[in-house]
Amino acid sequence: MAKTYDYLFKLLLIGDSGVGKTCILFRFSEDAFNTTFISTIGIDFKIRTIELDNKKIKLQIWDTAGQERFRTITTAYYRGAMGIMLVYDITQEKSFENIKNWIRNIEENAAADVEKMLLGNKCELNDKRQVSKERGEQLAIEYGIKFMETSAKASINVEEAFLTLASDIKAKTEKRMEANNPPKGGHQLKLTEIRTKDSWLSRCSLL
Amino acid sequence: MSDDLPEEFDLIVLGTGFAESCIAAAASRIGKTVLHIDSHDYYGDVWNSFSLEAFNKLLDQPSSSLRNGSYTWHEPAEEAPSWTRETLLEKSRRFSLDLSPRVAYSAGALVQLLIKSNICRYAEFRALDHVCMLYNNELVSVPCSRSDVFNTKTLTMVEKRLLMKFLTACNDYGEDKCNEDALAFRGRTFLEYLKAQRVTDKIATCVMQAIAMCDASSSFETGMQRTQRFLASLGRYGNTPFLFPMYGCGELPQCFCRLCAVFGGIYCLKRSVDDISWTPDAKELLLSSAGKTLRAKHIVCAPGQLPATLAPHYGQLQPHISRGLFIAASPLGNEELNKGGGGVNLLRLLADEGQREACLIQLSHYSGACPAGLYILHLTTPAFSEDPAADLADFTAQLFETNAPQILYSAYFTITAPTNANESAATPIYCTAAPAYELDYDAAIADARHIFSQIYENDDFLPRAPDPEEIVVDGEDPSALNEHSLPEDLRAQLHDLQQAAQQMDIAE
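From first to last, the protein sequence lines stand for chains A and B.
Note that our numbering has the first sequence beginning at 1, numbered continuously upward.
Note that our numbering has the second sequence beginning at 1001, numbered continuously upward.
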């Protein structure tokens, strides 16, 4: 089967409950907003293919599945992630304060070179704002990461944020490839790649 | 933190070990409301993998399910002076040290379940590089693939032919109901059958130790069945019939937990349960935890997570599995067995003239379970005393007395199991079994399946979860969800939900 993309990036959404992670995911992948049915049908990641500099990039974006609620994200969630969107709600001071806890969580569990970006979501609710844009910018500078204010509801900056993160990962990946130093990898096998091959014995007439 | 937790659930599961996580995922998947909690601050209970630091801490603090822990730092070998206690601890997080390490047959129960349920998308595996055996105190690779048989220097030309003939016969066995062997060897042992085929001693060892994994008393049927299981798993992924989960076996319970959460299951770690009581008809169970009472129709519990008030119903905690764990700066066996830095190797060891056995899994950094240049050796045997090091002494002697690797760190511990784990009649709580001594997850899956079928008699156990691509939503309206893309059972659930929503509108 021919690959229909040049790169596959695994991205994660992280942040407190209720900051709008799932809404951001749906805005970007489906251009939709309502997500009330999500746990009934079991959506855990969405895929969207974008194009950057004539390269097709398949983005696989994983949601926390609500496991962030009591700070119980599995360590397995972080495996293989290349980019992380850290999301807070500009109308919830607490969700902004918790970003540093989430950063610590990422440092403990994700790869050291994972690309991060900070998003202040729900920026359409300016009259309820508790976190100024400047504080968001300041925190991002502290961690040396990029920052944007977004609105999944009003469709502001969601697209831009993902394209920025994807483009940064792409640059990093290509730089590494140029240095001819691809990340280590034995032959990791996905179970889905199962080959339905008869046992070698049944076709064996040698000896 | 507990304030916004709902109080009523269809199922509350205590413990996030393998079997409990399977049951939680299966219940959530068919639309039941599930609360899944664990008294520890990590997932996986005695099935988890740990960083080096966390592992040491665990050994220092005995718990109900893990005891007799001890660890020793060894002087760095001259060949690898850079690996000291400090440098190992510096890389603590690069280790995934398993409490209950296992491998999976490529066509075995675990792999089938992961594929059938679509949980396989959460995990990655490495095909085992070598299945080994000890022959005349020498560690040799058992040829698994066709090219292995061709290329191996372990066997002579005649032996190769004999082995192929024998395995082909095993593979074909059962197709012919009137098979002469089946009649002739009914009620006899597999070893007798093997001897009757006039194979050499080396081939007999090969088959008994590594392929059929039998002992002298195993019946003909058992040996045949195991050999067939081995053969059926060949040629699927790699050179051997086995897979090992990348980053350690602790990933697997988490995969099931993820599925449970995706379908709405709620997770709470570091939360213990003080008591469980129930109504006289046992239709509703009350669980008190952190000053709050939670109600559930059913409760499933891991043996180590039973509240102290109920634990006596399940008897005493006995030593169940004796474990050894070694970190080494060099691998076991020769270069041939560890090409390019080694991969994952499996070795079954026997002692007391085959009366006792142990399983050794060697991991290199390609398993994602340790830093490059180091090797983890997991040794597991059924416990018969409170001294895991003594239980394993016969096996470590075989391994380390000749061609000893440069061991930097060694640890021992015991995993316990209650004496009456199945004595659930005394309480309406379903208690899962402690990790069994087994290579794969067959017993654990059977346990989970059995408990699930007792609770939800007529429901499917982990039907396939849809792929994200199958769920198509159009525009702003969620009712534009393309239902036909969903598996049937989910479509039905969604339909019920919509009906319920409509009725609510009418009531208003």
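Backbone N, C-alpha and C fix where the C-beta goes; we use that ideal spot for every residue, glycine too.
Nearest-angstrom beta carbon gap, Gly-1324/B and Tyr-1412/B [assumed within contact, 8 Å] | Looking up residue 1412/B in the second sequence gives position 412. Looking up residue 1324/B in the second sequence gives position 324. The beta-carbon distance between Tyr-1412/B and Gly-1324/B, rounded to whole angstroms, is 5 Å. This is short enough to meet the 8 Å contact definition.
Coarse secondary structure for Asn-105/A, derived from DSSP in three states = Position 105 of the first sequence holds residue 105/A. Residue state, collapsed to three classes: helix.
In whole angstroms, what separates the C-alpha of Met-85/A from that of Arg-1464/B?
-> Residue mapping note: residue 85/A aligns to position 85 of the first sequence, counting from 1. Residue mapping note: residue 1464/B aligns to position 464 of the second sequence, counting from 1. One C-alpha to the other measures close to 29 Å.
Where Asp-1447/B falls, given that 16 or more other Cβ within 10 Å makes a residue buried = Within the second sequence, the letter at position 447 stands for residue 1447/B. It is buried - the Cβ of Asp-1447/B has at least 16 other Cβ atoms within 10 Å.
Going along the chain, which residues of its own chain have a beta-carbon closer than 7 Å to the beta-carbon of Ala-1383/B, five neighbours each way excluded?
-> Residue numbering aside, residue 1383/B sits at position 383 when the second sequence is read from its first letter. Closer than 7 Å at Cβ, skipping near neighbours: Pro-1319, His-1320, Ile-1321, Ser-1322, Asp-1391 and Thr-1414.
Any Cβ of chain A within less than 8 Å of the Cβ of Arg-1258/B?
-> Locating residue 1258/B in the second sequence gives position 258, counting from the first residue. Interface annotation, Arg-1258/B: in contact with chain A, CB-CB separation under 8 Å.
Looking only at its own chain, which residues have a Cβ that is under 8 Å from the Cβ of Leu-52/A, when we skip the five neighbours before and after it?
-> Taking the first sequence and counting its residues from 1, the one referred to as residue 52/A is at position 52. So the qualifying residues of the chain are Leu-163, Ala-166, Ser-167 and Lys-170.
Given that a residue counts as buried once 16 or more other Cβ atoms are within 10 Å of its Cβ, and exposed if not, what is Leu-1183/B?
-> Locating residue 1183/B in the second sequence gives position 183, where the first residue counts as 1. Within a 10 Å sphere around the beta-carbon of Leu-1183/B sit fewer than 16 other beta-carbons, which makes this residue exposed.
To the nearest angstrom, how far is it from the Cα of Met-1133/B to the Cα of Tyr-1042/B?
-> Residue mapping note: residue 1133/B aligns to position 133 of the second sequence, counting from 1. Residue mapping note: residue 1042/B aligns to position 42 of the second sequence, counting from 1. Spanning the alpha carbons of Met-1133/B and Tyr-1042/B requires a straight line of approximately 36 Å.
How would you call Gln-67/A, buried or exposed, if buried means at least 16 neighbouring beta carbons within 10 angstroms?
-> By one-based count along the first sequence, residue 67/A stands at place 67. Under this definition Gln-67/A is a buried residue.
Please name the residue in Glu-1336/B, His-1040/B, Leu-1259/B and Ile-1327/B whose C-alpha comes closest to that of Ser-1063/B.
-> Sequence index remark: in the second sequence, residue 1063/B carries index 63 (1-based). That would be His-1040/B, whose Cα lies nearest to the Cα of Ser-1063/B.
Closer than 8 Å, CB to CB, is Leu-1269/B near chain A or not?
-> Counted from its first residue, the second sequence places residue 1269/B at position 269. For Leu-1269/B, the nearest beta carbon of chain A is closer than 8 Å to its own beta carbon.
Return the bridge partner residues of Pro-1418/B from the DSSP annotation.
-> As a working mapping, residue 1418/B is identified with position 418 in the second sequence. The partner list for Pro-1418/B (beta bridge, DSSP) reads Leu-1317/B.
Kindly indicate which three-state DSSP category Ala-1501/B falls into: helix, strand or coil?
-> In the second sequence, counting from the first residue as 1, residue 1501/B sits at position 501. In the three-state reduction of the DSSP assignment, Ala-1501/B falls in the helix class.
Mind checking if Arg-1093/B is an interface residue toward chain A, Cβ cutoff 8 Å exclusive?
-> Position 93 of the second sequence, counted from the first residue, corresponds to residue 1093/B. Closer than 8 Å to some Cβ of chain A, the Cβ of Arg-1093/B qualifies, so yes.
Along chain B, in chain order, which residues have C-beta atoms closer than 7 Å to that of Arg-79/A?
-> In the first sequence, residue 79/A corresponds to position 79, counting from 1. Residues of chain B passing the Cβ test: Tyr-1247.
Using 8 Å as the limit for Cβ to Cβ distance, is Ile-1445/B near chain A?
-> Mapped onto the second sequence, residue 1445/B falls at position 445. Not one chain A Cβ lies under 8 Å of Ile-1445/B.
Can you have a look at Arg-195/A and say buried or exposed, based on whether 16 or more other CB atoms are within 10 angstroms of its CB?
-> In the first sequence, counting from the first residue as 1, residue 195/A sits at position 195. Any reading at Arg-195/A needs caution, since the residue's pLDDT is 44, under 50, leaving its predicted position unreliable; the model's value is listed next. By the Cβ-count criterion, Arg-195/A is exposed, with fewer than 16 other Cβ atoms from all chains shown falling within 10 Å of its own Cβ.
Which residues in the same chain as Thr-91/A place their Cβ atom closer than 7 Å to its Cβ, once the five residues preceding and following it in sequence are excluded?
-> The sequence position of residue 91/A within the first sequence is 91, counting from 1. Around Thr-91/A: Lys-122, Leu-125, Lys-128, Arg-129 and Gln-130.
Closest Cβ-Cβ distance between Thr-91/A and chain E: below 8 Å?
-> Going by chain labels, chain E is absent from the structure shown, which instead holds the protein chains A and B.
What is the rounded straight-line gap between the Cα of Thr-1396/B and the Cα of Phe-147/A?
-> The residue you call residue 1396/B lines up with position 396 of the second sequence. The residue you call residue 147/A lines up with position 147 of the first sequence. Cα-Cα distance, rounded: 55 Å.
For Thr-1419/B, is the classification buried or exposed, using 16 other Cβ atoms within 10 angstroms of its Cβ as the cut-off for buried?
-> Indexing the second sequence from 1 puts residue 1419/B at position 419. When all chains shown are included, Thr-1419/B counts as exposed.
Chain B beta carbons: is any one of them nearer than 8 Å to that of Gln-138/A?
-> Residue mapping note: residue 138/A aligns to position 138 of the first sequence, counting from 1. Not one chain B Cβ lies under 8 Å of Gln-138/A.
Using the beta-carbon of each residue, which ones in chain A are nearer than 8 Å to Val-1262/B?
-> Looking up residue 1262/B in the second sequence gives position 262. Within chain A, the residues near Val-1262/B are Ser-39, Gly-42, Ile-43, Asp-44 and Ala-65.
Extent of the continuous alpha helix (DSSP H) to which Cys-1170/B belongs | Within the second sequence, numbered from 1, the residue matching residue 1170/B stands at position 170. That run of the alpha helix (DSSP H) goes 1157-1172.
May I ask you to list the residues that DSSP assigns as paired with Leu-1231/B?
-> The residue labelled residue 1231/B in the question sits at position 231 within the second sequence. Answer by DSSP bridge pairing: none, since Leu-1231/B is not bridged.
Kindly list the residues whose CB is nearer than 8 Å to the CB of Tyr-143/A, restricted to its own chain and excluding five residues on each side of it in sequence; keep chain order.
-> Your numbering for residue 143/A matches position 143 in the first sequence. Here Tyr-143/A has Ile-103, Lys-116 and Leu-118 as same chain residues with Cβ atoms under 8 Å from its own Cβ, once five neighbours each way along the sequence are excluded.
How about Thr-1087/B: is its Cβ closer than 7 Å to a heavy atom in the ligand HEM?
-> Questions concerning the ligand HEM fall outside what the structure shown contains, since it holds no ligand whatsoever.
Where Lys-220/A falls: helix, strand or coil (DSSP) = This structure does not reach residue 220/A, given that chain A is present from 1 up to 207, and the question cannot be answered.
Going by DSSP, which residues form a beta bridge with Ala-1411/B?
-> Position 411 of the second sequence, counted from the start, is the residue given in the question as residue 1411/B. Note: Ala-1411/B sits in a beta bridge opposite Tyr-1071/B and Leu-1325/B.
By Cβ distance, which residues of its chain are closer than 7 Å to Cys-1359/B, with the 5 residues on each side in sequence left out?
-> Your numbering for residue 1359/B matches position 359 in the second sequence. Taken in chain order, the residues that qualify are Arg-1348, Thr-1380 and Leu-1439.
Arg-1348/B (DSSP reduced to helix, strand or coil) | Walking along the second sequence from the start, residue 1348/B turns up at place 348. In the three-state reduction of the DSSP assignment, Arg-1348/B falls in the strand class.
If you drop the 5 nearest sequence neighbours on each side, which residues of the same chain put their C-beta closer than 7 Å to that of Glu-1124/B?
-> Position 124 of the second sequence, counted from the start, is the residue given in the question as residue 1124/B. Taken in chain order, the residues that qualify are Met-1246.
Give the residues of chain B in contact with Glu-108/A, contact being defined as C-beta atoms less than 8 Å apart.
-> Here residue 108/A is taken as the residue at index 108 of the first sequence, counted from 1. Taking the beta carbon of Glu-108/A as reference, the chain B residues within 8 Å of it are Arg-1093, listed in sequence order.
Just confirm the distance between the C-beta atoms of Thr-49/A and Lys-58/A, as a whole number of angstroms; I'd bet it's less than 8 Å.
-> As a first step, residue 49/A is located in the first sequence; it is residue number 49 there, counting from the start. As a first step, residue 58/A is located in the first sequence; it is residue number 58 there, counting from the start. Right, their Cβ atoms sit about 5 Å apart.
Excluding the five sequence neighbours on either side, which residues of its own chain have a C-beta within less than 6 Å of the C-beta of Pro-1143/B, listed in chain order?
-> Within the second sequence, numbered from 1, the residue matching residue 1143/B stands at position 143. Closer than 6 Å at the Cβ level, and outside the excluded window around Pro-1143/B, lie Val-1149 and Thr-1152.
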